[in-house]
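Structure first, commentary second.
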Amino acid sequence: MASALRAAILGHVRVPVVVANGSKLLAPLWTHRTTAVRSMSSHDDHLEKNQVIDRILDIVKSFPKVDPSKVTPEVHFQKDLGLDSLDNVEIIMAIEEEFKLEIPDKEADKIDSCALAIEYVYNHPMAS
Amino acid sequence: MSGAASYLMRRAAQKERVRILYRRALKDTLTWAVHRHLFYPDADALRERFDANKNVEDIETIDRMIADGESQYNKWRHPDPYIVPWAPGGSKFTRNPEPPSGIEIVYDYGREDH
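Those protein sequence lines, which keep their order, are chains E and Y. Per this note's numbering: the first sequence = residues 470 to 597. Per this note's numbering: the second sequence = residues 43 to 156.
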């Protein structure tokens, strides 16, 4: 009974899955990708330098103790923005989360300015 | 001179230890937090504990405090911390890696001409 009902319903209902999942939303994100895209691969993302700069500046600007007007790509966290070393740690952790990175402790400790962070993230093969 | 230099070196080493301890503790706090909104008060509390001893000057006291903090961190460390998927220990580590360059996948299995 139930299976007959199910078959009857499935015979008539067509759900337009592909249309609903159209590429309108995703298109801007995917246009920068290079040709060698494998969708199931563990990593197929490639970041452009200005994307990295924009996203890192956004993170630094949204840090509560930072005056957003002072933030430039060359800014030094402690000397120019008046942060302390623990704020620096928090910013680096935010950058790690944003780009899905895992930076070793000793290396993360060395990153103390926007320029270094941009350099590090841009050159990291797994940044996405 | 050498006394001052060694003092400064020891202070720099202490500062690095504190930064790394704070970094590990903060990551651990995030791992312990079940939801993101539970993480923020925990992180603030952690930061307050570090800030409370910000102005301690005596170098031996600082050493003792750092050792104490590290032992507390080790005691409460999460048994199964969050690891970024691609990193060693992560859920995607070495899974489905990119094929080496020069290898091409033919998706239509030799039926190109038909």
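Every residue, glycine too, gets a C-beta built ideally from N, C-alpha and C.
Chain E within 9 Å of residue i, Cβ atoms only
i                      : result
residue 118 of chain Y : no
residue 125 of chain Y : yes
residue 93 of chain Y  : yes
residue 45 of chain Y  : no
residue 64 of chain Y  : yes
residue 54 of chain Y  : no
residue 111 of chain Y : no
residue 132 of chain Y : yes
CB contact check: residue i to chain Y, cutoff 9 Å
i                      : result
residue 538 of chain E : no
residue 589 of chain E : no
residue 528 of chain E : no
residue 548 of chain E : no
8 Å Cβ cut-off: residues of chain E touching residue i
i                     : result
residue 68 of chain Y : 558, 559, 562
Closer than 7 Å at the beta carbon, the chain Y residues around residue i
i                      : result
residue 554 of chain E : 57, 61
Contact list for residue i against chain E, beta-carbon separation under 9 Å
i                      : result
residue 129 of chain Y : 570, 571, 595
Under 7 Å by beta carbon: chain E residues contacting residue i
i                     : result
residue 89 of chain Y : 555
One or two residues paired with residue i in a DSSP bridge
i                      : result
residue 545 of chain E : E:582
Listed from N- to C-terminal order along the chain, which residues in the region 561 to 583 of chain E have their beta-carbon within a distance smaller than 7 Å of any beta-carbon of chain Y?
562, 569, 570, 571, 574, 577, 578
Suppose only complete runs of 3+ residues qualify. What are the beta strand (DSSP E) ranges in the region 75 to 106 of chain Y, listed by chain order?
none
Identify every run of the beta strand (DSSP E) within the region 528 to 578 of chain E, keeping only runs that are complete inside it and at least 3 residues long; order them along the chain.
none
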